[in-house]
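From first to last, the protein sequence lines stand for chains R and S. The UniProt record's numbering numbers the first residue of the first sequence as 1 and each following residue consecutively. The UniProt record's numbering numbers the first residue of the second sequence as 1 and each following residue consecutively.
Protein chains: 2
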Amino acid sequence: MAQGAPGPGGGESLLFLTDEQLRKGIEAMFFAYRGFTADPDRILEDLDYGRAHHRAMHFIHRSPGTTVNNLLSILGVTKQSLNRVLRTLIEDGLVESRIGRVDKRERHLYLTPKGTELERTLSDAQRARMRAAYRSAGPAAVQGFRQVLEAMMDPELRRQYQTLKEGGA
Amino acid sequence: MAQGAPGPGGGESLLFLTDEQLRKGIEAMFFAYRGFTADPDRILEDLDYGRAHHRAMHFIHRSPGTTVNNLLSILGVTKQSLNRVLRTLIEDGLVESRIGRVDKRERHLYLTPKGTELERTLSDAQRARMRAAYRSAGPAAVQGFRQVLEAMMDPELRRQYQTLKEGGA
DNA sequence: CTTGGAAAGTCAACAAGGCTGACATAAAAT
DNA sequence: ATTTTATGTCAGCCTTGTTGACTTTCCAAG
């Protein structure tokens, strides 16, 4: 399927949809994701935290007061898995869990000042790389980057992403 | 840093470098990567393999006869970690390991017909999603996508990626 | 030719962070 | 009063990383 050169009747250059081009895109995702996580990972390994802690803090920072259930659906892990991470963050005083006022079953999550500080250190590192990449590629490339990524998401995740996107904009 | 609106003297719109824009890019990477791996993961979970097996098969398919050491540097894991994956693939007859003719310490890796078949099933699934994303975003967006990803890689990984890229082109 | 180090690969044991299942509690909804 | 929902916890499993110790092979210096 779409292996070799496209037939001469291919219309307006569908060359970018060849298996070869797609494979390059796949490999680009693989290598880029390593870079994407490399800087926070380096910082985290000195502390006793992992990537899972970073993700939790990122989204709590992003939506302060979010509930456990909400976070669960964003992160796409089981509550047991998230709970392990959350427990250590709470014990270490990076995250605060407040019982809901209207629905007392819910726990609303907030970063403490200490948690905010670590989150900031981690995202500064991650943003620095992203900023350098954006700057070197330019605004038009960035727009294309975002378009392709968005099209690559599962529909449900795309909705989650867009909800977050609007909230912050 | 670069938090709020940029000053009026910002030149030609550096709005795409605000922390807010960068954060959207970070979240887009996070959600898109989930989609990126979702289809092969679904196939793999029925068999007894994981994402690590997929990665190994991908790059063996890509560079038949590659050595373990070579694969190691591409995948960025320890040889012990790779070895476990490789061992099961060899036991199950998906990968063949041939002792090097010139240097007998080296093992050259090849996919067997059975391995080629599974690799194809997995990459077909992954390419299908990538193709849909590419098609919906269009060739200009794809170019930008690749530019940003490439800029995001660690320099060493970028070299690896480019070497692979040329080899296949 | 021998010997010592480097390189490639393998085996064993451990850790992080996913997962499932079972169960407890409190609050809300019916 | 009963059921459902939100959360938390314990136990145990799996994948895939890690480090350490070891073997085999190669090569180069003596």
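Glycine included, C-beta positions come from ideal geometry on N, C-alpha and C.
For residue i, the nearest candidate out of the options (CA to CA)
i, options, result
"R:A125", "S:K79, S:L15, S:F16, S:I26", "S:I26"
"residue 188 of chain S", "R:E156, R:M152, R:H53, R:V142", "What is shown of chain S runs 1 to 169, which leaves residue 188 of chain S out entirely."
"S:V68", "S:Y110, S:Y161, S:R159, S:Q162", "S:Y110"
"R:L14", "S:L149, S:Q162, S:R87, S:A137", "S:A137"
"S:H54", "S:Q21, S:T88, S:F30", "S:T88"
"S:P113", "S:Q160, S:Q80, S:S73, S:P64", "S:P64"
"R:F59", "R:M130, R:S123, R:D154", "R:S123"
"S:F16", "R:Q160, R:F145, R:M152, R:T163", "R:F145"
"S:A52", "S:Q21, S:K104, S:S97, S:Q80", "S:Q80"
"residue 174 of chain R", "R:V95, R:D103, R:Q21", "In the structure as shown, chain R begins at 1 and stops at 169. Residue 174 of chain R is therefore absent and cannot be evaluated."
"S:A140", "R:Q147, R:D92, R:R107", "R:Q147"
"R:A151", "S:Y134, S:T163, S:A38", "S:Y134"
"R:L72", "R:L157, R:Q162, R:K165, R:E166", "R:L157"
"S:M153", "R:Q21, R:R62, R:R159, R:G35", "R:G35"
"S:Q160", "R:R42, R:R84, R:A28", "R:A28"
"S:G76", "R:A38, R:L164, R:H108, R:D19", "R:A38"
"R:P40", "R:L164, R:M130, R:E166", "R:M130"
"R:P155", "S:T18, S:F31, S:E20, S:Q21", "S:F31"
"R:G100", "R:N83, R:T66, R:Q21, R:L164", "R:T66"
"S:T121", "S:D19, S:H61, S:Q21, S:T18", "S:H61"
"R:G93", "R:R107, R:E20, R:E117, R:Q21", "R:E117"
"S:L164", "S:T18, S:N70, S:R105", "S:N70"
Boundaries (first-last residue) of the beta strand (DSSP E) holding residue i
i, result
"R:L109", "107-111"
"S:R146", "Premise fails: S:R146 lies in the alpha helix (DSSP H), 139-152, not in any beta strand (DSSP E)."
"R:V95", "95-99"
Residue environment, residue i, which counts as buried when at least 16 other CB atoms sit within 10 Å
i, result
"S:E119", "buried"
"R:A128", "exposed"
"S:A132", "exposed"
"R:L149", "buried"
"R:L47", "exposed"
"R:A169", "Residue placement at R:A169 is flagged as unreliable, the pLDDT there being 49, under the threshold of 50; a coordinate-derived value is accordingly withheld."
"R:I74", "buried"
"R:D103", "exposed"
"S:Q162", "exposed"
"S:G115", "buried"
"R:G50", "exposed"
"S:T78", "exposed"
"S:N83", "exposed"
Contact test: residue i Cβ vs the ligand FAD heavy atom, cutoff 7 Å
i, result
"R:V102", "Among the components of this structure there are no ligands whatsoever, and the ligand FAD is therefore not found."
Where are the beta strand (DSSP E) runs, 3 residues long or more, that stay fully inside the region 7-91 of chain S, in chain order?
Here no run is fully enclosed.
Against chain R, which members of the region 92-117 of chain S pass a CB distance test of less than 8 Å?
Of all residues in the region 92-117 of chain S, none has a C-beta nearer than 8 Å to a C-beta of chain R.
Closer than 8 Å between beta carbons: that is the criterion. Which residues of the region 37-57 of chain S meet it against chain R?
Cβ contacts with chain R come from A38, R55.
At a CB distance below 8 Å, what residues from the region 139-150 of chain R approach chain S? Give them in sequence order.
Taking 8 Å as the Cβ-Cβ cut-off against chain S, the residues of the region 139-150 of chain R that qualify are P139, A140, A141, V142, Q143, G144, F145, R146, Q147, V148, L149, E150.
Relative to chain S, which residues along the region 78-89 of chain R have a C-beta separation below 8 Å, given in chain order?
Along the region 78-89 of chain R, there is no position whose C-beta sits under 8 Å from a C-beta of chain S.
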